[in-house]
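Engineer: Numbering (the working numbering), first residue to last: 4 to 73.
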């Protein structure tokens, strides 16, 4: 796939505005895609871990209250 490129264009709404173009190679697009996927997975892992820790905190609070009643 040598030489394959994508062109990203930003077309503003105004008449006087300048059209901006970026040329991105296929390899760079794939690397950015993998980096984005990796960042999403790390963020998802943080959310899952945070939810687990929050559940542990609420369980500890409930156990303390139960122990005080006993």
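Just so it is clear, CB atoms sit at the ideal spot from N, CA and C, and this is done for glycine as well.
Would you say residue 22 and residue 12 are within 8 Å of each other, going by their C-beta atoms?
Structural biologist: The count along the chain shown starts at 1 and reaches residue 22 at position 19. The count along the chain shown starts at 1 and reaches residue 12 at position 9. Yes, they are a contact pair.
Engineer: DSSP has residue 10 in a bridge; who is on the other side?
Structural biologist: As a working note, residue 10 is residue 7 in the chain shown. Looking at the DSSP assignment, residue 10 forms a beta bridge with 26.
Engineer: Do you know how far the Cα of residue 48 is from the Cα of residue 54?
Structural biologist: The residue given as residue 54 occupies position 51 in the chain shown. The residue given as residue 48 occupies position 45 in the chain shown. Spanning the two alpha carbons is a distance of roughly 10 Å.
Engineer: Cα-Cα, which of 71, 24, 9, 7 is closest to residue 15?
Structural biologist: Here residue 15 is taken as the residue at index 12 of the chain shown, counted from 1. Minimum Cα distance to residue 15 is reached at 24.
Engineer: Using the C-alpha atoms, what's the distance from residue 34 back to residue 66?
Structural biologist: Position 63 of the chain shown, counted from the first residue, corresponds to residue 66. Position 31 of the chain shown, counted from the first residue, corresponds to residue 34. The alpha-carbon atoms of residue 66 and residue 34 are separated by roughly 48 Å.
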